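There are 2 protein chains.
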Amino acid sequence: MNSFKEGWFTETGVLNSETTNLSIRVDQMIHSQKSKYQNILVFQSKLFGRCLVLDDAIQCTEKDEFSYQEMISFLPLNSHERPAKVLIIGGGDGGVVREVVKHPAVEEVIMCEIDEAVVDVSKRFLPFMSGAFDSPKLKLLFEDGYEFVKNHKNEFDVIITDSSDPKGPAECLFQEPYYRALYESLRSGGIICCQAESYWFDLAFIKQLYSKCKGIFKSVAYGSTLVPSYPSGQIGFLVCSKDKVVDFSDPIHKFSPKEYNSMNLRYYTSDIHTGAFRLPPFVQNELDSV
Amino acid sequence: MNSFKEGWFTETGVLNSETTNLSIRVDQMIHSQKSKYQNILVFQSKLFGRCLVLDDAIQCTEKDEFSYQEMISFLPLNSHERPAKVLIIGGGDGGVVREVVKHPAVEEVIMCEIDEAVVDVSKRFLPFMSGAFDSPKLKLLFEDGYEFVKNHKNEFDVIITDSSDPKGPAECLFQEPYYRALYESLRSGGIICCQAESYWFDLAFIKQLYSKCKGIFKSVAYGSTLVPSYPSGQIGFLVCSKDKVVDFSDPIHKFSPKEYNSMNLRYYTSDIHTGAFRLPPFVQNELDSV
Chain E
1 MNSFKEGWFT ETGVLNSETT NLSIRVDQMI HSQKSKYQNI LVFQSKLFGR CLVLDDAIQC
61 TEKDEFSYQE MISFLPLNSH ERPAKVLIIG GGDGGVVREV VKHPAVEEVI MCEIDEAVVD
121 VSKRFLPFMS GAFDSPKLKL LFEDGYEFVK NHKNEFDVII TDSSDPKGPA ECLFQEPYYR
181 ALYESLRSGG IICCQAESYW FDLAFIKQLY SKCKGIFKSV AYGSTLVPSY PSGQIGFLVC
241 SKDKVVDFSD PIHKFSPKEY NSMNLRYYTS DIHTGAFRLP PFVQNELDSV
Chain L
1 MNSFKEGWFT ETGVLNSETT NLSIRVDQMI HSQKSKYQNI LVFQSKLFGR CLVLDDAIQC
61 TEKDEFSYQE MISFLPLNSH ERPAKVLIIG GGDGGVVREV VKHPAVEEVI MCEIDEAVVD
121 VSKRFLPFMS GAFDSPKLKL LFEDGYEFVK NHKNEFDVII TDSSDPKGPA ECLFQEPYYR
181 ALYESLRSGG IICCQAESYW FDLAFIKQLY SKCKGIFKSV AYGSTLVPSY PSGQIGFLVC
241 SKDKVVDFSD PIHKFSPKEY NSMNLRYYTS DIHTGAFRLP PFVQNELDSV
């Protein structure tokens with residue numbers, strides 16, 4: 001399948017694109033460029049609103065991005081007693097930092113995005129994503145996140161890896177040395193949260209990741225969220241604690257409905273947080289067998 | 001988009017097919033026929049296994065059908081104190097009856113499927129779906145479910161409507177007179193459960209349905225499940241009780257892990273049941289405004 005044909009975008013750049021594809025009707029092409037690292041594309045669609053595509057894989061759409069950004073941010077932040085200093089690896093569209101700076105306990109955020117062009121495109125074409133780039137809490141670096149992590153030990157309370165799929169440049173972010181580097185970069189009590197694919201399409205892969213992390217971290221869990229523009233409509237995160245036993249299904253910080261509204265949370269609640277870790281038996285049994 | 005092209009099936013028969021489409025790589029065409037009511041198609045694919053398609057809309061695939069069948073069955077059954085007599089409207093593939101007869105409290109199941117050809121196709125080509133057609137608990141009728149309901153008042157503990165989308169023949173199953181007929185067909189304490197589309201793509205429609213049901217039933221809730229071969233990967237059910245206040249998020253019957261295994265449940269657990277009714281604020285706020 002081609003990615004553009006007769007007014008449709010077909011997602012040919014994802015893990016399972018040989019066997020299934022999502023297509024979205026394109027109303028208007030907004031922007032297209034080739035950066036040093038990847039092809040960047042922005043288009044407008046009726047159902048999903050504005051869409052950001054990197055190397056033929058949808059990264060975020062206006063309709064559903066919040067369920068990803070809120071969950072990758074608040075699952076670890078609300079599982080940590082005092083998440084003062086946060087590192088974000090990737091996340092160039094700005095969605096994760098937009099959520100992270102909302103948290104009242106967060107004082108300082110460092111974000112390492114390798115591709116400055118993604119941030120520029122977000123600022124120009126994705127105003128719903130890029131609102132927190134001028135937050136006084138944020139220090140934004142354009143460098144290799146993996147290298148950064150190796151050089152900063154014992155420093156962060158929470159590290160969030162908002163990566164693309166494990167093919168091409170992001171592949172190293174799904175391997176054991178990277179998780180070991182994250183471990184070293186956490187302070188005592190620290191927690192990581194990494195994009196970890198769909199249990200419908202990538203369960204064997206998740207099981208491998210889970211096994212690697214079990215060998216390094218004290219507590220490990222897979223938390224699930226829904227993103228209809230991603231393959232299968234479901235995606236999850238591996239959440240791991242450095243040296244404390246953590247029940248990730250029971251958040252330490254619980255927000256009231258009033259707080260959800262004032263923080264403009266559209267997907268995340270404390271109940272949704274808990275539910276994210278209640279997995280179907282066909283998934284849980286696989287993880288339990290590790 | 002065409003439904004078959006260069007070895008791919010593209011789902012052109014669903015509600016949002018003008019704006020988004022799922023495509024599945026076809027390994028082998030298994031069966032194709034035109035029944036009195038619809039086009040019936042079975043094909044084999046690598047990612048989803050065997051797939052049943054009616055009028056260009058995927059009805060079920062081997063990979064993910066269980067999450068739909070288990071949830072549409074056990075959400076109402078486990079919310080009812082003694083679900084002895086159950087009516088299934090539609091469900092010709094056999095998946096719902098396969099789950100319903102597993103429940104220890106269920107004594108008698110009547111199933112009304114209008115299209116005998118779907119049952120035949122399931123028996124011939126979908127052995128993983130059709131195993132309960134010979135259950136001694138089941139009475140299988142090939143007739144119009146809506147007409148049947150009108151003629152059977154005060155009779156059922158649970159009525160499950162496993163319908164296709166509200167376009168074409170199934171449209172009447174999403175309208176107020178049908179819900180009133182279901183209400184009349186329930187015994188005191190009775191509960192209905194109806195397919196009710198995706199909150200990502202059809203929220204305005206769900207809100208309308210919810211409002212109609214609130215005007216008829218005592219308690220009404222929307223419960224969610226995940227089906228990656230359906231549009232958005234998420235679908236839900238309206239669950240309504242005739243004359244008792246029911247907290248659907250707190251099932252009366254709770255199964256132990258041992259029971260899940262012996263019943264071969266792959267998606268449903270009591271925690272998943274509860275989580276199905278914990279909706280994201282962007283959905284809950286809409287329903288609360290009804």
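The listed protein sequences derive, respectively, from chains E and L.
Read in the UniProt record's numbering, the first sequence has 216 at position 216, and its numbers run on one by one without any break.
Read in the UniProt record's numbering, the second sequence has 160 at position 160, and its numbers run on one by one without any break.
We put the CB at the ideal spot given by N, CA and C, even for glycine.
All values derive from a computational prediction rather than experimental measurement.
Straight-line gap, residue i to residue j (C-alpha atoms, nearest Å)
i                      : j               : result
G190 of chain L        : N151 of chain L : 17 Å
P76 of chain L         : R278 of chain L : 16 Å
S130 of chain E        : S164 of chain L : 40 Å
W8 of chain L          : S23 of chain L  : 6 Å
G168 of chain L        : D250 of chain L : 35 Å
T61 of chain E         : F248 of chain E : 28 Å
F142 of chain E        : Y183 of chain E : 22 Å
S219 of chain E        : L287 of chain E : 13 Å
M29 of chain E         : E108 of chain E : 36 Å
residue 294 of chain L : A221 of chain L : An answer regarding residue 294 of chain L cannot be provided, because it is not within the stretch 1 to 290 covered by chain L.
C172 of chain L        : H31 of chain L  : 29 Å
V246 of chain L        : E81 of chain L  : 11 Å
Q175 of chain L        : C193 of chain L : 14 Å
F128 of chain L        : D134 of chain L : 14 Å
Y146 of chain L        : C51 of chain E  : 42 Å
F205 of chain E        : I160 of chain E : 19 Å
E116 of chain L        : F66 of chain L  : 22 Å
S17 of chain E         : D64 of chain E  : 21 Å
E155 of chain E        : K85 of chain E  : 8 Å
I252 of chain L        : K258 of chain L : 18 Å
G13 of chain E         : S188 of chain L : 54 Å
D243 of chain L        : V290 of chain L : 20 Å
L186 of chain L        : L87 of chain L  : 10 Å
H273 of chain L        : M71 of chain E  : 21 Å
S35 of chain L         : Y68 of chain L  : 25 Å
L15 of chain E         : S3 of chain E   : 15 Å
D144 of chain L        : T269 of chain E : 42 Å
E6 of chain L          : L126 of chain L : 25 Å
P104 of chain E        : P136 of chain E : 14 Å
Q284 of chain E        : Y260 of chain L : 12 Å
A181 of chain E        : R124 of chain E : 34 Å
D93 of chain L         : P231 of chain L : 19 Å
L41 of chain L         : D56 of chain L  : 8 Å
Cβ pair residue i, residue j closer than 7 Å
i               : j               : result
P83 of chain L  : V158 of chain L : yes
T19 of chain E  : L226 of chain L : no
Y179 of chain L : I216 of chain L : yes
L54 of chain E  : Q38 of chain E  : yes
I58 of chain E  : E11 of chain E  : yes
L138 of chain E : V96 of chain E  : no
V100 of chain E : S73 of chain E  : yes
K153 of chain E : M263 of chain E : no
Q195 of chain E : G233 of chain L : no
Y267 of chain E : P228 of chain L : no
V49 of chain L  : D162 of chain L : The amino acid at residue 49 of chain L is misidentified as Val; the sequence shows Gly. For G49 of chain L and D162 of chain L, no; Cβs fall outside 7 Å.
G275 of chain E : G275 of chain L : yes
Cross-chain neighbours of residue i in chain E, by beta carbon under 9 Å
i               : result
Q234 of chain L : L226, P228, G233 and Q234
Beta-carbon neighbours of residue i, restricted to chain L and to distances below 9 Å
i              : result
L75 of chain E : None at all; the shortest Cβ gap to chain L is about 14 Å.
D64 of chain E : W200 and S232
Residues that residue i contacts on chain E, provided the C-beta gap is smaller than 8 Å
i              : result
Y67 of chain L : A small correction: the amino acid at residue 67 of chain L is Ser; Tyr does not occupy that position in the sequence shown. P280, listed in chain order.
L47 of chain L : N16, T19, T20 and F201
Proximal chain L residues relative to residue i, where beta-carbon distance stays under 7 Å
i              : result
R98 of chain E : None at all; the shortest Cβ gap to chain L is about 16 Å.
Partner residues on chain E for residue i, Cβ-Cβ distance less than 7 Å
i               : result
G275 of chain L : G275 and R278
**Item:** Cβ contact (3+ pairs, closer than 8 Å) linking the segment 238-255 of chain L and the segment 196-213 of chain L
**Value:** Verdict: yes, contact present.
**Request:** For the segment 7-38 of chain L, enumerate the residues whose C-beta is nearer than 8 Å to any C-beta of chain E, in chain order.
**Result:** From the segment 7-38 of chain L, only W8, T10, N16, E18, T19, T20, N21, L22, S23, I24 and R25 have a Cβ closer than 8 Å to chain E.
**Prompt:** Below 8 Å, can you find three or more Cβ-Cβ pairs linking the segment 116-123 of chain L to the segment 197-207 of chain L?
**Reply:** They do not touch, by the three-pair rule.
**Request:** Could you list the residues in the segment 251-273 of chain L with a C-beta less than 7 Å from some C-beta on chain E, going in chain order?
**Result:** Listed in sequence order: Y260, L265, R266, Y267, T269, D271 and I272.
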